[in-house]
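Below is one structure, written out as structure tokens; the observations come after it.
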Amino acid sequence: MTRLEGFIDHFEQNYAIIARADRTLANVARKELPTDAREGDFIIEANESHHFQIDRQTTELRQRQLRYMADSFFD
Numbered sequence: 355m356t357r358l359e360g361f362i363d364h365f366e367q368n369y370a371i372i373a374r375a376d377r378t379l380a381n382v383a384r385k386e387l388p389t390d391a392r393e394g395d396f397i398i399e400a401n402e403s404h405h406f407q408i409d410r411q412t413t414e415l416r417q418r419q420l421r422y423m424a425d426s427f428f429d
């Protein structure tokens with residue numbers, strides 16, 4: 355079984371909606387995420403018990419890419 359990874363798209367009640375690379379969405383219980391997880395963070399399933407960790411490097415890379423695209427759009 356492959357581990358779940360993707361960006362937190364948004365939160366709905368007690369779930370995070372994860373946008374995956376294959377363009378599908380997955381629901382993850384908030385209690386399985388780090389307490390500081392927020393929209394836009396890239397998360398990776400850390401172990402068999404379905405707990406997740408934030409991949410800060412991938413999150414930062416995406417934020418830089420989005421800033422660049424936004425700056426290019428408005429120039």
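Each residue of the sequence shown is one higher than the one before, starting from 355 at the first, in the working numbering. All C-beta atoms, glycine included, are put in the ideal place defined by N, C-alpha and C.
Closest Cα partner of residue i within the set the options
i       : options                   : result
Arg-410 : Phe-428, Ser-426, Asp-390 : Asp-390
Ala-383 : Phe-428, Ile-397, Asp-425 : Ile-397
First and last residue of the uninterrupted beta strand (DSSP E) at residue i
i       : result
Gln-407 : 406 to 408
Glu-399 : 396 to 399
Coarse secondary structure for residue i, derived from DSSP in three states
i       : result
Leu-387 : coil
Ala-370 : strand
Leu-358 : coil
Rounded separation between residue i and residue j - CA only
i       : j       : result
Glu-399 : Tyr-369 : 15 Å
Arg-392 : His-364 : 8 Å
His-405 : Lys-385 : 8 Å
Glu-366 : Asp-376 : 21 Å
Thr-356 : Ala-424 : 33 Å
Arg-421 : Asn-401 : 32 Å
Asn-381 : Ala-373 : 9 Å
Bridge partners - residue i, DSSP secondary structure assignment
i       : result
Ala-424 : DSSP lists no partner for Ala-424.
Ala-380 : Ile-372
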